[in-house]
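Protein chains: 2
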Amino acid sequence: MSHLPGPMVDLVAALGRLPGIGPRSAERLAIHLVQTDSRQVCDLAQTLVAASERVRSCERCGGFTEHQPCRVCADPARDGSLLCLVEKPVDILLFEKAGSYRGLYHVLGGKLSPLQGIEPEDLSIPALEKRLGIEPIREVILALPTDVEGDATSSYLARRLAGRSVRISRLAHGLPVGSALEYADELTLSRALEGRRAVPGTESDPAQHHD
Amino acid sequence: MSHLPGPMVDLVAALGRLPGIGPRSAERLAIHLVQTDSRQVCDLAQTLVAASERVRSCERCGGFTEHQPCRVCADPARDGSLLCLVEKPVDILLFEKAGSYRGLYHVLGGKLSPLQGIEPEDLSIPALEKRLGIEPIREVILALPTDVEGDATSSYLARRLAGRSVRISRLAHGLPVGSALEYADELTLSRALEGRRAVPGTESDPAQHHD
């Protein structure tokens, strides 16, 4: 890359550090940017800095926000008795895009990982317990990832919150909507079988027969 | 995207205007950037502005450069008798990466296109003729794209420069017809350079002079 002027080499390197941008994309972007009107590039730079400086974590739920509290926490139409517990701020966006959830959120900020030294105190578990003491929350929905650490964290939280008069639930495991059986892995299929539900109007939930 | 804070919506929109970055990539990048340390984002913004403000066109050849003249034009080891005529500044980078060319360059700044109103005076043809009058150039290598407009521009230039005591050559047909320079691999580009041929009616084949 020695045939590029110095400032372009720096730009290619900086762009190449962004996720999902390889060396060729970084070079293509840099070439585009130096051929773009300087004012437009300044605008892009200002937009970058503005987003970086003005977007903060909501002090209540931990989601992305410009103002305190965030739009979801401040919305009186949301159901304050439901609290969805997610790992990262970006997970909130996924639920909001899905559009069917009308409760509140709480961002845990990670998963328990003894190997990496991530203990309960490193996550926002104390803040969660504080919220449970103050807010009229009646159900906590565990929506952590279904990997080993996510499952361990969910189990830990279920035990830790067991004494409280709050319902603890988990997202259902099963087949993705719109996919064929043959694309489901064995574990997902087993979970889908375990969590099967009665077809409305036929009989009661067969899963309850296990009790 | 109404579930994103305003500054992030702006950032997603700005990133999505860059070439090769779709709406999903733009959102992923924006989410990454607001979670990145503000100082790093400021550094990226400054690198952007620096590249945009400090990278200019070489006043002699039209290539990208920080200083006047560019590194290629200023290099006394380059063969000043050879001039490679390219469409865009980025094409120079492709030859420099291939590494086999040791002459100088001239960026035309486009292709003739009567339909889009691009006439010879809109391109750097007068500057090329001025260089031919001043510099000890003995061969002009036409390295324009092999599409219809590129071919028409090459033919026009071959006719326009025919009266001068300068050899006019073209890159060898080894390039896939109908594709732009940037899709050629480095070896193909080197071979095309080696096998360049005289434009019929101007002078004899320069490649045969090597025999």
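Those protein sequence lines, which keep their order, are chains U and X. So for the first sequence, my numbering puts the first residue at 1; every next one is plus one. So for the second sequence, my numbering puts the first residue at 1001; every next one is plus one. Ideal Cβ positions, reconstructed from N, Cα and C, are used throughout, including at glycine.
field: Exposed unless 16 or more other CB atoms sit within 10 angstroms - verdict on ASP1091(X)
entry: If you number the second sequence from 1, residue 1091(X) lands on position 91. With 16 or more Cβ atoms within 10 Å of its Cβ, ASP1091(X) is classed as buried.
query: In whole angstroms, what separates the C-alpha of HIS106(U) from that of VAL41(U)?
result: Numbered from 1 along the first sequence, position 106 holds the residue referred to as residue 106(U). Numbered from 1 along the first sequence, position 41 holds the residue referred to as residue 41(U). Taking the Cα positions, HIS106(U) is about 37 Å away from VAL41(U).
message: Using CA atoms only, rank isn't needed, just tell me which of ILE137(U), GLY109(U) and LEU85(U) is closest to ALA143(U).
response: The residue given as residue 143(U) occupies position 143 in the first sequence. For ALA143(U), the nearest C-alpha among the options comes from LEU85(U).
C-beta neighbour in chain X for ASP122(U), strict 7 Å: Your numbering for residue 122(U) matches position 122 in the first sequence. False, the Cβ-Cβ gap to chain X never drops below 7 Å.
field: Other residues of its chain near ASP211(U): CB distance less than 7 Å, five sequence neighbours each side excluded
entry: For the purposes of this step, residue 211(U) is taken as the residue at position 211 of the first sequence. Confidence at ASP211(U) is low in this model, with a pLDDT of 43, below 50, so the placement of that residue should be treated as unreliable; the coordinate-derived value is given next. Close CB contacts of ASP211(U) within its chain, under the 7 Å cut and outside five residues either way in sequence, are absent.
- request: Quick one: using the 10 Å Cβ neighbour count with 16 as the cut-off for buried, is LEU115(U) buried or exposed?
  value: Here residue 115(U) refers to the residue found at position 115 of the first sequence. So LEU115(U) ends up on the exposed side.
query: Distance, Cα to Cα, GLU53(U) vs LEU132(U)?
result: Along the first sequence, read from residue 1 onward, the residue named residue 53(U) stands at position 53. Along the first sequence, read from residue 1 onward, the residue named residue 132(U) stands at position 132. For GLU53(U) and LEU132(U), the distance between alpha carbons rounds to 31 Å.
query: Do you know whose CA, among SER1179(X), GLY1022(X), VAL1199(X) and ARG1056(X), lies nearest ARG1160(X)'s CA?
result: Position 160 of the second sequence holds residue 1160(X). Just measuring C-alpha positions, the residue of SER1179(X), GLY1022(X), VAL1199(X) and ARG1056(X) sitting nearest ARG1160(X) is VAL1199(X).
task: Tell me whether VAL177(U) sits in a helix, a strand or coil according to DSSP, three-state version.
output: Taking the first sequence and counting its residues from 1, the one referred to as residue 177(U) is at position 177. Residue state, collapsed to three classes: coil.
message: Mapping the DSSP letters down to three states, classify MET1(U) as helix, strand or coil.
response: If you number the first sequence from 1, residue 1(U) lands on position 1. Its pLDDT being 45, under 50, MET1(U) is placed unreliably by the model, and nothing is read from it.
message: Residues of chain U with CB closer than 8 Å to the CB of PRO1019(X), please, in chain order.
response: Within the second sequence, numbered from 1, the residue matching residue 1019(X) stands at position 19. Listed along chain U are ARG28, LEU29 and HIS32, each with a C-beta nearer than 8 Å to that of PRO1019(X).
Unbroken beta strand (DSSP E) run spanning GLY6(U), endpoints: By one-based count along the first sequence, residue 6(U) stands at place 6. Element bounds for GLY6(U): not the beta strand (DSSP E) but the alpha helix (DSSP H), 6-16.
query: GLY62(U): buried (16+ other C-beta within 10 angstroms of its C-beta) or exposed?
result: Position 62 of the first sequence, counted from the start, is the residue given in the question as residue 62(U). Per the 10 Å Cβ criterion, buried.
query: Which runs of the alpha helix (DSSP H), 4 residues or longer, sit entirely within the region 1097-1184 of chain X?
result: Scanning the region 1097-1184 of chain X from its first residue to its last, the whole alpha helix (DSSP H) runs of 4-plus residues come out as 1125-1134 and 1148-1160.
Neighbouring residues, chain U, relative to CYS1042(X) (Cβ below 8 Å): Residue numbering aside, residue 1042(X) sits at position 42 when the second sequence is read from its first letter. Chain order gives the chain U residues near CYS1042(X) as VAL49 and SER52, where near means a beta carbon separation below 8 Å.
- request: Pull out every residue of the region 1062-1082 of chain X whose Cβ sits closer than 7 Å to any Cβ of chain U, in chain order.
  value: Within the region 1062-1082 of chain X, the residues whose Cβ lies closer than 7 Å to some Cβ of chain U are PHE1064, THR1065 and GLU1066, listed in chain order.
field: Coarse secondary structure for VAL1086(X), derived from DSSP in three states
entry: Here the question's residue 1086(X) lines up with position 86 in the second sequence. DSSP places VAL1086(X) in strand when its eight states are reduced to three.
The region 75-85 of chain U contacting the region 1064-1082 of chain X, beta-carbon criterion three pairs below 8 Å: No: the two stretches stay apart, fewer than three of their Cβ pairs being nearer than 8 Å.
task: Give me whichever residues DSSP pairs with THR1047(X) in a beta bridge.
output: Taking the first residue of the second sequence as 1, we reach residue 1047(X) at position 47. BP columns for THR1047(X) are empty, so no partner.
message: Just verifying my parser: in three-state terms, what is the DSSP assignment at ASP1091(X)?
response: As a first step, residue 1091(X) is located in the second sequence; it is residue number 91 there, counting from the start. For ASP1091(X), the secondary structure class from DSSP, reduced to helix, strand or coil, is helix.
query: Using the rule of at least 16 other Cβ atoms within 10 Å of the residue's Cβ for burial, across every protein chain shown, is LEU94(U) buried or exposed?
result: Reading the first sequence from its first residue, position 94 is the one you call residue 94(U). By the neighbour-count rule (16 or more Cβ atoms within 10 Å), LEU94(U) is not buried but exposed.
query: CB THR47(U) to CB ALA1014(X), shorter than 7 Å?
result: Mapped onto the first sequence, residue 47(U) falls at position 47. Mapped onto the second sequence, residue 1014(X) falls at position 14. Their beta carbons are under 7 Å apart, which means THR47(U) touches ALA1014(X) by this criterion.
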